[in-house]
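Okay, structure first, notes after.
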Amino acid sequence: MTDKKILLVFESTRAVILAERECKSKGLKCTAVPTPREYTAQCGIALEVAIEQKEEVIKLLDQLGKPYRYYDKKKSKGTSCGI
Amino acid sequence: MAFNGYFDNAATSFPKPKAVGDEILRYIYDIGGPYGRSFYGRAFEASGVVEDTRFLLSEKIHANPDNLVFTSNATCAINIVLKGMELSNKEILVSSLEHNAVMRPLNVLEKNSGVKIKFLPSFDDGFVNVEQIDSLLTKKTALVVVNQQSNVNGVIQPVAEIKKVIGDIPILIDAAQSAGHVELNVRRDDLDFVAFTGHKGLLGPTGTGGLFVKKPEILNPLIDGGTGSKSESFEMPEFMPDKFEAGTPNIAGIFGLLGALSADIKQKHSNEEFYMLINEIKKIKGYSVFCAESQNRQGGLFSLKPETTDCSTLGRILYDNYDIQTRVGLHCSPQAHKFLGTYPYGTLRIAPSVYHTSDDFEILIKALTDVKKLL
Numbered sequence: 259m260t261d262k263k264i265l266l267v268f269e270s271t272r273a274v275i276l277a278e279r280e281c282k283s284k285g286l287k288c289t290a291v292p293t294p295r296e297y298t299a300q301c302g303i304a305l306e307v308a309i310e311q312k313e314e315v316i317k318l319l320d321q322l323g324k325p326y327r328y329y330d331k332k333k334s335k336g337t338s339c340g341i
Numbered sequence: 153m154a155f156n157g158y159f160d161n162a163a164t165s166f167p168k169p170k171a172v173g174d175e176i177l178r179y180i181y182d183i184g185g186p187y188g189r190s191f192y193g194r195a196f197e198a199s200g201v202v203e204d205t206r207f208l209l210s211e212k213i214h215a216n217p218d219n220l221v222f223t224s225n226a227t228c229a230i231n232i233v234l235k236g237m238e239l240s241n242k243e244i245l246v247s248s249l250e251h252n253a254v255m256r257p258l259n260v261l262e263k264n265s266g267v268k269i270k271f272l273p274s275f276d277d278g279f280v281n282v283e284q285i286d287s288l289l290t291k292k293t294a295l296v297v298v299n300q301q302s303n304v305n306g307v308i309q310p311v312a313e314i315k316k317v318i319g320d321i322p323i324l325i326d327a328a329q330s331a332g333h334v335e336l337n338v339r340r341d342d343l344d345f346v347a348f349t350g351h352k353g354l355l356g357p358t359g360t361g362g363l364f365v366k367k368p369e370i371l372n373p374l375i376d377g378g379t380g381s382k383s384e385s386f387e388m389p390e391f392m393p394d395k396f397e398a399g400t401p402n403i404a405g406i407f408g409l410l411g412a413l414s415a416d417i418k419q420k421h422s423n424e425e426f427y428m429l430i431n432e433i434k435k436i437k438g439y440s441v442f443c444a445e446s447q448n449r450q451g452g453l454f455s456l457k458p459e460t461t462d463c464s465t466l467g468r469i470l471y472d473n474y475d476i477q478t479r480v481g482l483h484c485s486p487q488a489h490k491f492l493g494t495y496p497y498g499t500l501r502i503a504p505s506v507y508h509t510s511d512d513f514e515i516l517i518k519a520l521t522d523v524k525k526l527l
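Chains A and B, in that order, give the protein sequences.
If you use the numbering used here, the first sequence corresponds to residues 259 to 341, in order.
If you use the numbering used here, the second sequence corresponds to residues 153 to 527, in order.
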């Protein structure tokens with residue numbers, strides 16, 4: 259596993275907590291971090307996951323149905339996902 | 153087992169399950185941290201408990217947790233609806249047994265916004281006569297408010313049937329007394345708003361409560377402020393639950409409420425034993441009993457009035473001589489008392505909890521019998 263991470267940002271705390279629980283229940287490691295300044299802060303808490311888990315996490319979050327954005331930490335513009 | 157003389161559970165429940173205190177202390181001494189504002193472990197754990205509580209409360213009323221917001225009590229939840237909807241110059245229908253949590257904000261709307269208050273037709277005990285509602289509905293009817301369980305005589309209203317008749321007109325259910333006692337299914341019954349408190353039938357701590365909102369878009373927030381989200385904007389978020397949760401919630405209280413919800417306390421008396429309590433008191437000469445006209449619409453409280461003295465005197469004698477704790481007077485429900493003919497002096501209310509046993513009821517009956525001989 260590389261050190262590269264993706265960052266997931268959400269509208270609300272409730273969405274962050276649900277996403278974190280969902281990831282952990284599926285054995286996907288994610289870490290709560292303060293949303294970095296350079297990303298548009300919706301909720302002040304973001305989730306960081308290993309880039310190798312990106313596809314699996316995104317699939318999971320799409321099922322969760324909470325709007326989110328993910329960043330690979332190189333792009334300046336995130337990708338909007340969810341409903 | 154010692155006699156449980158606390159019959160004021162409609163004001164607030166006592167005792168609470170042990171888990172209520174344990175959970176509050178766990179938050180105060182071990183967990184700490186804010187809700188939804190920070191990323192570190194303790195904040196995340198506290199936020200997780202808040203969300204667990206939201207989930208359990210939602211389950212109880214068959215709601216989507218996103219549509220349930222925390223408030224400090226039922227009164228606050230009711231105010232969010234009555235002051236957040238566009239009701240100027242509209243008509244609002246209310247039941248005859250409403251509490252001041254509804255009547256006072258409506259009085260303000262009547263004075264300041266041209267709102268017209270109309271009363272739902274009802275039977276002698278205040279139970280809404282559903283068949284006669286239709287004739288009251290006009291193009292101006294914007295909201296119907298119903299106290300699901302009266303805090304004076306315990307009448308349980310047919311909220312599902314009322315909603316069927318009013319159709320698309322929103323209904324606000326005041327579940328302050330009924331939450332934890334009477335079933336509510338917002339999905340099946342298509343309910344629009346449900347306001348409840350955590351410290352009565354749910355056995356949680358004071359300062360907790362909530363509001364279910366089916367369509368958040370028809371309400372403006374009552375309180376504006378920080379939510380930990382969309383912080384770059386001076387506007388409140390439009391998404392739920394943040395739209396109605398400005399400011400730090402009562403996290404310690406919500407921990408306690410989760411303790412109460414998880415405790416799963418079983419009622420220590422049967423409904424039949426409770427009905428028997430009412431019937432035995434009815435048999436004692438010299439008391440008028442205020443309860444539902446039939447058992448199938450009787451909730452877990454009722455009132456009485458002595459014929460030869462006032463309720464305050466009776467309440468004091470019961471307390472001084474038998475350690476029986478009741479609430480006398482108008483119970484913040486002058487509207488209900490006017491309807492029942494007990495205004496302005498009110499009644500003496502008997503509101504047991506799940507912890508009362510049939511032995512407690514027998515002692516209460518004996519005390520009321522003995523006291524009557526003295527009056």
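Virtual Cβ for every residue (Gly too), placed ideally from N, Cα, C.
In this text, all values refer to a predicted model and were calculated from it rather than measured experimentally.
Quiz prompt | Inter-residue Cα distance where the pair is Leu209 of chain B and Gly467 of chain B | solution = 35 Å
Quiz prompt | Identity of the residues DSSP links to Val263 of chain A by a beta bridge | solution = Looking at the sequence itself, residue 263 of chain A is Lys, so the reference to Val does not match. Bridge partners of Lys263 of chain A: A:Ala308.
Exercise. Would you decide whether Arg295 of chain A is buried or exposed? Buried here means 16 or more other CB atoms lie within 10 Å of its CB.
Key: exposed
Quiz item: With C-beta atoms as the reference, is Ala444 of chain B less than 8 Å away from Val304 of chain B?
Solution: no
Quiz prompt | is_contact[Pro486 of chain B, chain A] using C-beta, thresh 8 Å | solution = no
Practice problem: Label Arg339 of chain B either buried or exposed according to how many other C-beta atoms from any shown protein chain fall within 10 Å of its C-beta, with 16 as the threshold for buried. | Solution: An exposed status is given to Arg339 of chain B, since fewer than 16 other beta-carbon atoms sit within 10 Å of its beta-carbon.
Quiz item: Going along the chain, which unbroken runs of the beta strand (DSSP E) with 3 or more residues stay wholly within the region 282-336 of chain B?
Solution: 293-299, 323-326
Quiz item: Just to confirm, are Pro186 of chain B and Ala198 of chain B a CB contact at a threshold of 8 Å?
Solution: yes
Quiz item: At least one CB of chain A closer than 8 Å to the CB of Tyr187 of chain B: is that the case?
Solution: Using beta-carbon distances, Tyr187 of chain B counts as an interface residue toward chain A, with a partner under 8 Å.
Self-check item: Cutoff 8 Å: Pro152 of chain B Cβ touching any chain A Cβ
Solution: For residue 152 of chain B there is no data in the structure shown, the boundaries of chain B being 153 and 527.
Self-check item: Identified DSSP bridge partners for Leu234 of chain B
Solution: Note: Leu234 of chain B sits in no beta bridge, so no partner.
Exercise. Please go through the same chain and pick out, in chain order, the residues whose beta-carbon is closer than 6 Å to the beta-carbon of Pro344 of chain B, but skip the five residues on each side of it.
Key: In the sequence on display, residue 344 of chain B carries Asp and not Pro. Once the five neighbours on either side are set aside, the close Cβ partners of Asp344 of chain B are Pro322, Ile323, Lys366.
Quiz item: To the nearest whole angstrom, what separates the beta carbons of Leu520 of chain B and Tyr439 of chain B, a pair I think is in contact under 8 Å?
Solution: 7 Å
Quiz prompt | Backbone CA spacing between Met388 of chain B and Ile375 of chain B [nearest angstrom] | solution = Approximately 9 Å between the Cα atoms of the pair.
Quiz item: Taking 8 Å as the CB-CB cut-off, is Ala290 of chain A touching chain B?
Solution: yes
Quiz item: Do three or more CB pairs link the region 503-515 of chain B to the region 447-461 of chain B at distances below 8 Å?
Solution: Cβ pair count under 8 Å is three or more, so yes.
Exercise. Consult DSSP for Leu520 of chain B and reduce its assignment to one of helix, strand or coil.
Key: helix
Quiz item: Quick one: which chain B residues come within Cβ less than 7 Å of Ile316 of chain A?
Solution: Within chain B, no residue comes near Ile316 of chain A; the closest Cβ sits about 21 Å away, beyond 7 Å.
Quiz item: Excluding five sequence neighbours on each side, which residues of the same chain lie with their C-beta closer than 7 Å to the C-beta of His351 of chain B?
Solution: Only residues of its own chain outside the window of five on either side were considered, and among them Thr164, Ser165, Pro357, Thr358, Thr360 have a CB closer than 7 Å to the CB of His351 of chain B, listed in chain order.
Self-check item: Within chain B, partners of Ser270 of chain A - CB distance below 7 Å
Solution: Ser381, Phe391, Asp394
Quiz item: Under a Cβ-count criterion, where at least 16 other Cβ atoms within 10 Å of its own Cβ denotes burial, should Ile264 of chain A be classed as buried or exposed?
Solution: Answer is buried; the Cβ neighbour count reaches 16.
Practice problem: Determine, using beta carbons only, whether Phe275 of chain B comes closer than 8 Å to chain A. | Solution: So, not an interface residue.
Practice problem: Please classify Asn299 of chain B: is it buried, with 16 or more other beta-carbons within 10 angstroms of its beta-carbon, or exposed? | Solution: buried
Exercise. Report yes or no: is there a C-beta of chain A within less than 8 Å of the C-beta of Phe407 of chain B?
Key: no
Quiz prompt | With 16 other Cβ atoms within 10 Å as the buried cut-off, status of Gly399 of chain B | solution = exposed
Quiz item: When you compare each of A:Tyr297, A:Val274, A:Ser270 to Thr379 of chain B by their alpha carbons, which one comes out closest?
Solution: A:Ser270
Quiz prompt | Cβ-based neighbour list, Lys284 of chain A, same chain, cut-off 8 Å, excluding 5 preceding and 5 following | solution = Glu314, Leu318
Exercise. Tell me, please, whether the region 239-252 of chain B touches the region 471-486 of chain B by the rule of three or more beta-carbon pairs shorter than 8 Å.
Key: yes
Quiz item: Given that Gly200 of chain B touches chain A, what residues does it touch there, using C-beta distances under 7 Å?
Solution: Result: Ile275.
Quiz prompt | Nearest-angstrom beta carbon gap, Ser265 of chain B and Ser240 of chain B [assumed within contact, 8 Å] | solution = 4 Å
Practice problem: Please report how far the alpha carbon of Thr509 of chain B lies from the alpha carbon of His421 of chain B, in whole angstroms. | Solution: 5 Å
Quiz prompt | Beta-ladder partner(s) of Arg118 of chain B, from DSSP | solution = Here chain B has residues from 153 to 527 only, and residue 118 of chain B is not among them.
Quiz item: Can you find a heavy atom of the ligand SAH that lies under 7 Å from the Cβ of Gln309 of chain B?
Solution: Absent from the structure shown: the ligand SAH. Ligands present: none.
Practice problem: Could you confirm whether any beta carbon from chain A is found closer than 8 Å to the beta carbon of Phe222 of chain B? | Solution: no
Practice problem: Check each candidate in B:Ala294, B:Ile232, B:Lys168 and name the one with the smallest Cα separation from Lys242 of chain B. | Solution: B:Ala294
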